[in-house]
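Structure first, commentary second.
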Amino acid sequence: MTLFSLTQRAMSAQLVRMNAATSNLANAGSVARSEEEAYRPLRPVFVTELDRASGLTSVRSDGIVRSDAAPIQRYDPNHPYADEDGNVWESPVHESAEMIEIMESARQYQNLVQALQTAKQLMLDTLRSN
Amino acid sequence: MNEQIFGIHGAALELRSQRLGVLASNIANAATPGYKARDIDFAAALDARLGGASADSSVENNMMYRIATMPSLDGNTVELGNEQVAFTENAVAYSATLSFVQGKVDTITRALKGE
Chain A
143 MTLFSLTQRA MSAQLVRMNA ATSNLANAGS VARSEEEAYR PLRPVFVTEL DRASGLTSVR
203 SDGIVRSDAA PIQRYDPNHP YADEDGNVWE SPVHESAEMI EIMESARQYQ NLVQALQTAK
263 QLMLDTLRSN
Chain B
1443 MNEQIFGIHG AALELRSQRL GVLASNIANA ATPGYKARDI DFAAALDARL GGASADSSVE
1503 NNMMYRIATM PSLDGNTVEL GNEQVAFTEN AVAYSATLSF VQGKVDTITR ALKGE
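For the record, the sequence lines run as chains A and B.
Going by this note's numbering, the first residue of the first sequence is number 143, and it counts up by one from there.
Going by this note's numbering, the first residue of the second sequence is number 1443, and it counts up by one from there.
Here you go:
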């Protein structure tokens, strides 16, 4: 593994995380007919990936899990999706938590780009020296 | 031959490049639960390298886990600020070492050309 593929993998992992958080945000306040059908927030699982030959440690997203947060029960008998007791089930998405997730992910992505630029510049300096 | 010409700088450049990779790994794993940040004790690794150890073993024997000021709840010990500073410091030191190496090469080239 090179520094380039290391950063590339980490960047795609951050992108998965940002996509998951955006999907959650898009589904904030969505309503379902039953508790089972309700949208549950998506969370990527990050695991380290060690390359023994080069000693570099990258990261990958090892699938996406649905969080087990309980959907919010709301009494709304006039809602077209209401069950026989007059309840609907709202997705348990916390908007501010998802926003923070996106911000943190964006900052770490920026950090990776910056690190890659510095490493690339040093490599070019070394190549051009004669 | 290599050691005679470049002295300490050849070994230092090699170690700086290895450390760049270690610090980049820390930055890449800033969000991985349970990841422990690592760093090379540069002075000790350079001493070992100059004492005749191979590049790989001098890095491996002086690889340390970073002690976090405040580890996060998921067991990750990467503190992005610290890593950024270490990365920048290492990049500047790499440039400095590189210019020393370049200086040596220039000197030898001039001597060979007889200018």
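Yeah, the Cβ is synthetic: ideal placement off N, Cα and C, and Gly gets one too.
Range covered by the beta strand (DSSP E) that runs through residue i
i	result
Tyr217 (chain A)	214 to 217
Val255 (chain A)	That residue, Val255 (chain A), is in no beta strand (DSSP E); its alpha helix (DSSP H) goes 237 to 270.
Ser200 (chain A)	198 to 208
Asn229 (chain A)	229 to 232
Amino acids of chain B, ordered along the chain, whose beta-carbon sits closer than 7 Å to that of residue i
i	result
Gln250 (chain A)	Ala1472, Ala1473
Ser154 (chain A)	Correct list: empty, because the minimum Cβ distance to chain B is about 11 Å.
Leu269 (chain A)	Near Leu269 (chain A) there are no residues of chain B at all, since even the closest Cβ is about 11 Å away, more than 7 Å.
Opposing strand residues paired with residue i [DSSP bridges]
i	result
Ile1447 (chain B)	None; Ile1447 (chain B) has no bridge partner.
Pro186 (chain A)	A:Ile206
Val173 (chain A)	A:Glu232
9 Å Cβ cutoff met for residue i and residue j
i	j	result
Ser1506 (chain B)	Asp1489 (chain B)	Per the sequence shown, the amino acid found at residue 1506 (chain B) is Met instead of Ser. No, the pair does not count as a contact, with Cβ atoms beyond the cut-off.
Asn1468 (chain B)	Ala1454 (chain B)	no
Tyr251 (chain A)	Met160 (chain A)	yes
Leu198 (chain A)	Gly1476 (chain B)	no
Ala1473 (chain B)	Ala180 (chain A)	no
Leu258 (chain A)	Phe146 (chain A)	yes
Thr1519 (chain B)	Ala1510 (chain B)	yes
Glu237 (chain A)	Ala170 (chain A)	yes
Ala163 (chain A)	Ser233 (chain A)	no
Ala1466 (chain B)	Thr149 (chain A)	yes
Gly228 (chain A)	Pro219 (chain A)	yes
N- and C-terminal bounds of the alpha helix (DSSP H) containing residue i
i	result
Arg194 (chain A)	Where Arg194 (chain A) is concerned, there is no enclosing alpha helix (DSSP H), given that its DSSP letter is neither H nor E.
Thr149 (chain A)	145 to 168
Amino acids of chain A, ordered along the chain, whose beta-carbon sits closer than 7 Å to that of residue i
i	result
Ile1469 (chain B)	Asn253, Leu254, Ala257
Ala1533 (chain B)	Thr260, Leu264
Leu1522 (chain B)	Asn253
Leu1540 (chain B)	Asp267, Thr268, Ser271
Within chain A, the residues that residue i reaches when beta carbons sit closer than 8 Å
i	result
Phe1529 (chain B)	Ala257, Thr260
Tyr1536 (chain B)	Leu264
Listed by chain order, chain B residues near residue i by CB distance under 9 Å
i	result
Phe188 (chain A)	Asn1471, Ala1473, Thr1474, Pro1475, Tyr1477
Leu145 (chain A)	Leu1462, Gly1463, Ala1466
Leu198 (chain A)	Gly1463, Val1464, Ala1466, Ser1467, Ala1470
Residues that residue i contacts on chain A, provided the C-beta gap is smaller than 9 Å
i	result
Gln1526 (chain B)	Asn253, Gln256, Ala257
Under 8 Å from the C-beta of residue i: neighbouring residues of chain B
i	result
Thr149 (chain A)	Ala1466, Ala1470
At what residue ranges does the region 1458 to 1545 of chain B contain a whole run of the alpha helix (DSSP H), taking only runs of 4 or more?
1484 to 1492, 1497 to 1503
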